[in-house]
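Visitor: Start counting the sequence shown at 6; every next residue gets the next number (the working numbering).
Idealized CB from N, CA, C, for every residue including glycine.
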Amino acid sequence: MSDDVERRRRRALYRACHRGTKEMDWILGRFAEAEVAGMPEQTLSDFERLLALPDPDIQSWVLAPERLEMSELAPLIDKLRTFHGL
6 MSDDVERRRR
16 RALYRACHRG
26 TKEMDWILGR
36 FAEAEVAGMP
46 EQTLSDFERL
56 LALPDPDIQS
66 WVLAPERLEM
76 SELAPLIDKL
86 RTFHGL
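#1: So which of I82, I63 and R15 has the shortest CA-CA distance to E38?
#2: Would you tell me roughly how many angstroms separate the C-alpha atoms of C22 and D30, rounded to the nearest one?
#3: Quick one: grab the DSSP three-state call for A69.
#4: To which residues of the same chain is M44 closer than 7 Å at the C-beta, ignoring the five residues directly before and after it?
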């Protein structure tokens, strides 16, 4: 595995665990701790795109998926919801 992908994984894990709100730290951080190491590169790219979005948007999509406007991230949001039993 390339150093670049490993660096991206570490960065994504850090960003997921340090969001600025406890709720999103928990929702994204726990998911990242369990999933990032084994994510295919395309899924990692999607996760990085998700992490670039504002917390209120991510939280509303996780808690109320009918509000999901970015359909290309829907599979990742579904995976997050399943991981947390939502």
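Guide: Concretely, from the data shown:
#1: Of I82, I63 and R15, the residue nearest in Cα terms is R15.
#2: Taking the straight line from one Cα to the other gives about 5 Å.
#3: Secondary structure at A69: coil, using DSSP grouped into helix, strand and coil.
#4: These residues qualify, in order along the chain: F52.
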